[in-house]
Structure formats: C-alpha cells, structure tokens
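Right, one structure below, let's go through it.
Residue numbers (the working numbering), protein chains in the order written: chain A, 1 to 453; chain B, 1001 to 1506.
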C-alpha cells in the first residue's frame, strides 16, 4: 500500500509539473503519461470493466502511462457512467471511458438525453462473438430443432441472457426475425450479470441461452451446455461450433467495445489520446490480453469509427424498436409490470391510514417520548452542514465540505469547544481524502483545494 | 467425482503449498488489507478486490489468489466492525448485524459484540470452508435446480419469517414495509428494461442502493434524532463494560446462533441468486423466534449479532462453491475473482478442479489459514475498537455523518446518492418520532424487488401459467413452509399476547 501511494504521489507531482510546463509533446517519441483515468461504466467483473482493466494493464506494462486508475460507475447499460463522464471530465485530456454496442442499446432503451455522439470518439477496440446454447439435457440437438420449435410456438421458447436491450437480446431477436418470427414474440428472460444467466442456462431453467463466447466457452468445453451456433462469419479455430449462416440463418453479429474521450477537447488533446490508444493496441501486451479474453481485434480509429458508431446507432434503434422493447411483453398477464406498483401503493395508503387511526387512539401504557418536544437549533446546525455537503461538495471539494459538515454536526451537540471541533474536522476530512484518493486510488473531488493537496 | 480420501490428499497438497513463508505472507497481507479497507464505509469486498487487482499483475497466480482469499474474508469481517461501532454497514450482508450490534455498542458492550462477530465469523468461515472442501460438487448441482419459481418461494419464506420483525404495531410495521416496497420500485425494471419512478434522474435508473438507504435510516437518522431531542435529553457518554470481552453467559448464548447462522448462510450462499441479505435476515428472524426474550431484540441481543454474522460469512464462502465448481460468478465479488482468474489466462469453469487443482486447493487451504489469521488478528483488537465508543458523542456523531457521506459518494461518485442518504436520514427521524420501526423498510427494499422479478420471470417462462409455483416440487415445499411459518406465528402471537411487546427498531 505504502509503495502504491508513493507511486501515486510521484505521479501527482509529475502531473503538477507537467501542468505547469504544459506544452503538448510532439507526436514523435512516445512520451510517458503520468496519469490516466479510465471510466468503466459497469460493475467490477463485467465486459466493460475487463476492457478497462486490460487497457490499464497494457498501458502500464508497456510504460506508456505511469498510473492508470479505473473508476467503476455502474448502472443502466452504461448510460449513468456516460452522463457522469460527460459532466465531470469535460475538457480533460487525461480521461477515457469504455463504451460499446450495449451502451448504444441503453441510450435507446432508457431514452438517455446524452448519447455517444456527445463525447469524443477515440477508437473501436474489440469485438466478441455471441453463442446460442441449450442446456445439456435439452431435446434440441441442432439449431434447426430450435428454429422449428420457435416457428411453431414462439413463446414456448424462453431465451435466457443478459440485461434487457443488450447484445444478447438483440441477437435473439435478429435470429427470430431471420427465420420469419416477429421479434416481438421472442420470450426473452433478462438476467443480471453473467453468473445469474449462466446458472439459469446450465440449470435448464430456460429453453435456450445467448451469451458472449468468453462467458460460455468453459461451459461448452465441459459439456454442461450444447452450443448450437456462433454469430461469427466463419467457424473459429479450435472451437467446433457451426455458424448461424452455415445453418441457414443469415445473421452475423458481434458485441463491439470501444473507448471514448470527454467532450470539449482541443484538437491536440484529442490527437494525443488517439496516439496513446494507437500505441497500446499495437503492443505485445495488448495482443496477449486479446488472446486471453478471446476478444477479436477490431481496432478502428478516428473518423471511420465515428461513422461506424453513427451507423450502429441507427441499427440499434431500428432493431430495438422492432423488438417492441420497452413495451408490455406478449406473454402472460401476470408479467405485466404495471400491476405490482399499484398493489404496493394501495398497501402503502392502507397501512398509512391504519397507522394514523391507531395512533390517534389514547396511548397505552407507554409514555410518548415525543412529549419532550423538538428543539430546532441543533437540527439547524446539522441541516446546514448536510445542505452544504450535498449542494457544494464537488465545488468545495471533499476535504472542505466534510470538514464543514463535521464541525456543524459537532457544534450541534456541544457549543463549548469550537476549536477542538475544528481541529478534529480538519484531521478527519484530510485523512479520509488521503485514504480514498491517494492510498486506494478512488478519486474524490479535490475542489478548491485540488491545487494544494 | 472423487472420494473423501482423494479430497483430503488434494487438500493436504494445498496446505503444503499455502503453508510456505511467502504464501503465508500473502495471506497475512490479504487479511490485513481486506479488514482495513472493509472498515471503510461504502467500500465492499468487490471494490476492494477490483482496486487491488492491478497489484497482482506481477505476482504469480497462487500467491495472488491466496491474497484474494484473505482480502475477501477480511473485507467481510471489516464490514461488521463499522456496523457495530458506527451503525454504518458497508454492504448488505452486515445490515442485520448493525441492528443489535450497534445497540450493544451504545450500552458499552461493543467488545462483546465485536468478539461474538469475530468468533462467529471464524466458526462459520471454517465450517463453510469445510463444506466447500467436501460438498462442493453435489451442492452446486443442487443449487442449479433453483429457478425463478424457487427464488420467488424463497423470498416468500423470508417475508414470512420476517413478519415477527414488524414490531409492536402491525399497522406501523406494515407502513414501514410498504415504504420499503415502494422504494424498491424505483429504477429500471429488469425484465422489460423500462424505467419506473426515476423522475428523469439518471442516477435513479439503477434503483435505490440498500446500503445507502440503511446508512441514512440508521446512522444519519440517529444523529438527526438525537439532535432533535437534544435540548431535553442531553447525550450520555457510553461507559464501557469492563472485564472479559465475552462473559460465560454470552458464550453460551452465542454458540448456537453461530451454528444455526452457518447452517442458514452456507446453502443460501451457494444459490446463484441467493445473496447475503436473505440469509442474514433469516438468521436474525430465526434467532428472535427461538429466543426466550424476543423483546430484547433491537435493544442489544447478542444472538442478533452472532447469528447474522455467522450467516454472512458462511454465505460468503458458499459463493465460492458455484464459482470454483461451475465457473458461475454469483456475486459482484465472485465476478471480480473470475476476472482475476482470466487475468492469468485461467478460465474457471466446470473443469477448473481438473485443469488447475494446485491453484484451487491452495486457495481453499488459504481460506482456512486466513480464517485463523483473522481471528488471531482481530480478537486482540476488539478492546481497541471498542474504545471508539468513548469518543465524546458530539465528535462521534460528526464522524459518523462524515464517513457515511463520503461512503455514499464514493460508492458511485454521485451527489444524488448523498442526497438520498440525507433524505433517508430525515425520513428516519420522522419515523422514529412517530414510532414507526425502521427494519421492515429495509426488508421491503431487499425482498420486494427480488420477489417481483422472480415472480415475473417464472410467469414469463411458464407463459403465464401460475401453477408453476406449486407444480415444481422445490417451490411447492418452500411455499408450504412459508404458509406454515405464518400460521405458527399467528398462533404463537395469540398465545404470547400477554408477553411484553417487542420493538424491532434501532
């Protein structure tokens, strides 16, 4: 830990120095970046997180960047991370975010006001093929068996895969469409995370499963699932799985991942980031990682990538609209999402009414503690600390706003020792910042003090 | 697969591998770092591992996994320390611990709460690791028989068992529960992908984080509540109880909850969607039911710490069963471990025990070692930690507010989470004033979304045929158990109506 924090300190010192003598380094002779932040807009362990951490590993191993920090911002198919990245990193030339096809889907699904067009495209990096599998005990031996059943009774085939609107559902719908079944009738069961959907597929809870090759490969080799088709154009070496196309389903599909930079960059900043990514994807470290994760090299920089994103976004919009994603599913009345919230609200009202009525009855043996009556001064002190913290933490920085919160809260309970409270406040706030930001590499806002600390 | 003798031989080889000086050093580093980071609010084991993953780029795999095992168990343990001392649980598994653990700390019995948590973690961790050693393959294949219908039935069992936690007034308990259920509606509906009640705030799309809600209800709410009535009732400093950390009576009240917590936590941890919140709350409810003095629960019952802590650690070990035998990462932490395996070019899957037995058995052996290390490290620290409670109350409350705020922010780097934290604190203050218990709201937020999601998944798979819940034997048995629990508690409730009512608040 100590070594890591020293290294960070050195890196920060370098960052300060290079900020003072800010002169864009010429394209020749790769200069070593002191620091880079990569946002992974998903939880640790997922595909985007792995991409971010693989980039981190390769950039550091190749000596291109001294310290790479990965920040996870989870939620809503990456759109929460996208919104944060756009706001918090605007104009910063030392930040990247991992993105990809699933984020395009998320933007469409959740009607996100911010799209991939709002950030600076850098490059597409990888692609990953998807595999259609059935549980080992399934009656379906080939894709033709599955397709026949899908044609005769579409809803009877339940497809297990990742989050709604993601690449797994897209492929299920594309396959259905290609064999003449409306994607709207695909009975897709969304699971969270790789583990949950794999468990449902391996355990035979669903009729078929769609997932990335990396997730399924170990299961295919062990024979716990039977792979019916892969979404690549031709068969992959070392993997005895036929393609969709050779089985008469004209669909090719891959889940691509990319990196983007914040909006508002100068042309020089943008060029530097593009050069950095270009250097890392050519490195032997990156090649080893691609092989390890079974990612396909799909490096495509600059304006080509920009055009690719635009066309993919159009495709994702079209595909998802056709699926009727976001509309009530066709099967099963009990699955309608509208019913349950009403039940909860009615229960909430009934129980609130019941509580109100019963509490108006003469109180029992217990004396009512509220008889002591509220006092507003301490509450006002704490309240002001909380308000400042929530409204201004990103502007003041975590140290100042935490110290203020500490001081007001301590003062609320004991007005006699403001100086002791202030000293404790400063120490606690500074120590917390050091711990999170420096020792753990989890950046907190520096705010007004960011130049000093 | 293999006989017990083979397992023992493999385990012995694993111990031979793990009991070398460098590997022991890695285990020590892992437990210390894991405990230290686990103590920080908002940082659970998954983030701890993800942060430390780059450290291992240059370390050979066996050492790295031995360290990860230590971090994993250490972070679980560190989480209970803050729950007990500061009422700020860092992850869902230690929420139940906070209820009575913090009450004990306020009574000066922090050392006893921490000690029963430490020993309970050791007992549960060791027993569960034994389970992992000898029962992993059959347990994993049994867990795969759990589908959406069974998970729904499991949620029903948990609901039924927690009815006793609603508190003295059924109406107010139900109000709190419904509040939790309503909060659980916020965010993207996982099946349709539709956003519900997110009011155009992107940070709400992912729903309300249970940990943030609990920190707000428990810790921030407590500070506001005390401030509100401060003028009439000044704060009394905590007087630490002296003497042994665990008295003879506390030992005898703890050991059965440890074992029961393990028995509940381990199998539920093996389930791919089991999580840690359901086993810990089930254990809490079971201990309360079996207690001769249920009224003490919520006011510092040691069983309410011993049981859930054991369940939490046993469930954490259970998560490793599907990961190592099937390659299924069933928690965020397991997903990071899986990514770590891939870093080394190892694909965990059904064949891992055959392809890399050296690695797997060294990891399992180091889990035993890490458990012993944690106990040895933490028992002497119990007295030191307990002294935190002697900090003057104004500074303690201020510190808790700051730590909870930073934790909420660090979780997702979002001010919206901090706002939710404070709102929950204000709501909690109002609930305390109106004598509405807090725990049912937490239960509602945890169980509601799970029950709804699994119900709809089961109905979608069966194409709208509700009979699936009774035609599947496992699901039918669980639902019958839920009905039985409700019936028994109604009968028992009528019989015990003369007994003093219990309050399940904190």
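Quick reminder that beta carbons are idealized off the backbone N, C-alpha and C, glycines included.
Since this is a predicted model, take the numbers as computed values, not measurements.
Legend entry - Residues in the stretch 1394-1418 of chain B having any Cβ partner in chain A nearer than 8 Å: 1394, 1395, 1397, 1398, 1399, 1401, 1402, 1403, 1405, 1406, 1409, 1410, 1412, 1413, 1414, 1415, 1418
Inset, instruction - Measure from the C-beta of residue 109/A to each C-beta in chain B and report whether the shortest distance is under 8 Å. - result: Cβ-Cβ to chain B under 8 Å: yes for residue 109/A.
Inset, instruction - Can you give me, in chain order, the residues of the stretch 1212-1225 of chain B that have a beta carbon less than 7 Å from any beta carbon in chain A? - result: Only those residues of the stretch 1212-1225 of chain B whose C-beta falls short of 7 Å from the nearest C-beta of chain A are listed: 1223, 1224.
Inset, instruction - Return the residue from the list 226/A, 315/A, 275/A that minimises the CA-CA distance to residue 107/A. - result: Of the candidates 226/A, 315/A, 275/A, the one whose C-alpha sits nearest the C-alpha of residue 107/A is 315/A.
Inset, instruction - For the beta strand (DSSP E) containing residue 1037/B, list its first residue and its last residue. - result: Careful: residue 1037/B lies outside any beta strand (DSSP E), inside the alpha helix (DSSP H) at 1021-1038.
Inset, instruction - Could you tell me whether any Cβ in chain A is nearer than 8 Å to the Cβ of residue 1273/B? - result: yes
Inset, instruction - Specify, as a first and last residue, the run of the beta strand (DSSP E) that residue 159/A falls within. - result: 158-161
Inset, instruction - Output, in chain order, the set of chain A residues within a Cβ distance shorter than 7 Å of residue 1385/B. - result: Going along chain A, no residue has its Cβ under 7 Å from residue 1385/B, so there is no contact; the nearest lies around 17 Å.
Legend entry - Under 7 Å (Cβ pairs) to chain B, residues found in the stretch 129-142 of chain A: none
Inset, instruction - Only counting runs of 4 or more residues, tell me where the alpha helix (DSSP H) segments fall wholly within the stretch 1327-1395 of chain B, in order along the chain. - result: Fully enclosed alpha helix (DSSP H) runs of 4 or longer: 1332-1343, 1352-1355, 1357-1386.
Inset, instruction - Return the bridge partner residues of residue 1062/B from the DSSP annotation. - result: According to DSSP, which records beta bridges pairwise, residue 1062/B is partnered with nothing at all.
Inset, instruction - Kindly give me the distance between the Cβ atoms of residue 1184/B and residue 1445/B, rounded to whole angstroms, as I take these residues to be in contact under 8 Å. - result: Residue 1184/B to residue 1445/B, Cβ: 5 Å. Contact.
Inset, instruction - Mind the definition here: the stretch 377-385 of chain A touches the stretch 1195-1211 of chain B only if three or more C-beta pairs lie below 8 Å; say whether that holds. - result: no
Legend entry - 8 Å Cβ cutoff met for residue 97/A and residue 114/A: no
Legend entry - Residue from 1043/B, 1067/B, 1130/B whose Cα sits closest to the Cα of residue 945/B: Because chain B spans 1001 through 1506 in this model, residue 945/B falls outside it and cannot be assessed.
Inset, instruction - Mind checking who residue 1251/B pairs with in its DSSP beta bridge? - result: Answer by DSSP bridge pairing: none, since residue 1251/B is not bridged.
Legend entry - Nearest-angstrom Cβ-Cβ length linking residue 1277/B and residue 1407/B, presumed shorter than 8 Å: Actually they are not in contact, since the Cβ atoms of residue 1277/B and residue 1407/B sit about 18 Å apart, beyond 8 Å.
Legend entry - Residues from the stretch 83-98 of chain A in contact with chain B, defined by Cβ distance under 9 Å: 83, 84, 88
Inset, instruction - Note down the Cα distance separating residue 1309/B from residue 444/A, rounded to an integer number of angstroms. - result: 31 Å
Inset, instruction - For chain A, find out if any of its Cβ atoms is closer than 8 Å to the Cβ of residue 1169/B; answer yes or no. - result: yes
Legend entry - Bridge partners - residue 1491/B, DSSP secondary structure assignment: None, per the DSSP bridge assignment.
Inset, instruction - Please say whether residue 51/A and residue 125/A have beta carbons closer to each other than 8 Å? - result: yes
Legend entry - Chain-ordered neighbours of residue 206/A on chain B, where CB pairs are closer than 8 Å: Neighbours of residue 206/A on chain B, chain order: 1461.
Inset, instruction - Locate the beta strand (DSSP E) running through residue 72/A, then write down its first and last residues. - result: 65-72
Legend entry - Assigned secondary structure, residue 1406/B (DSSP; H/G/I helix, E/B strand, else coil): helix
Legend entry - CA-to-CA distance, residue 235/A to residue 1348/B, given in whole angstroms: 24 Å
Legend entry - Distance between residue 1045/B and residue 1335/B (C-alpha atoms, nearest Å): Cα to Cα, the separation comes out at about 11 Å.
Legend entry - Bridge partner(s) assigned by DSSP for residue 414/A: Bridge partners of residue 414/A: none, in fact.
Legend entry - the stretch 130-139 of chain A in contact with the stretch 164-181 of chain A per 3-pair CB rule at 8 Å: yes
Legend entry - Residues near residue 1476/B by beta carbon distance below 6 Å, same chain, minus five either side: 1470
Legend entry - Under 7 Å (Cβ pairs) to chain A, residues found in the stretch 1332-1345 of chain B: Hits within the stretch, in order: 1332, 1334, 1335, 1336, 1338, 1339, 1342, 1345.
Legend entry - Cβ-Cβ separation, residue 1088/B to residue 1403/B (assumed contact under 8 Å), whole Å: 6 Å
Legend entry - Buried or exposed by the 16-neighbour rule on C-beta atoms within 10 Å, applied to residue 327/A: Confidence is the limiting factor: at residue 327/A the pLDDT is only 47, short of 50, which leaves the residue's position unreliable and the question unanswerable from this model.
Legend entry - Distance, residue 1136/B Cα to residue 1272/B Cα: 13 Å
Inset, instruction - Would you mind working out which of 1286/B, 1117/B, 1112/B, 1178/B sits nearest residue 342/A, comparing C-alpha positions? - result: 1178/B
Legend entry - Contained alpha helix (DSSP H) runs [length at least 4] in the stretch 118-187 of chain A, N- to C-terminal order: 143-152, 167-178
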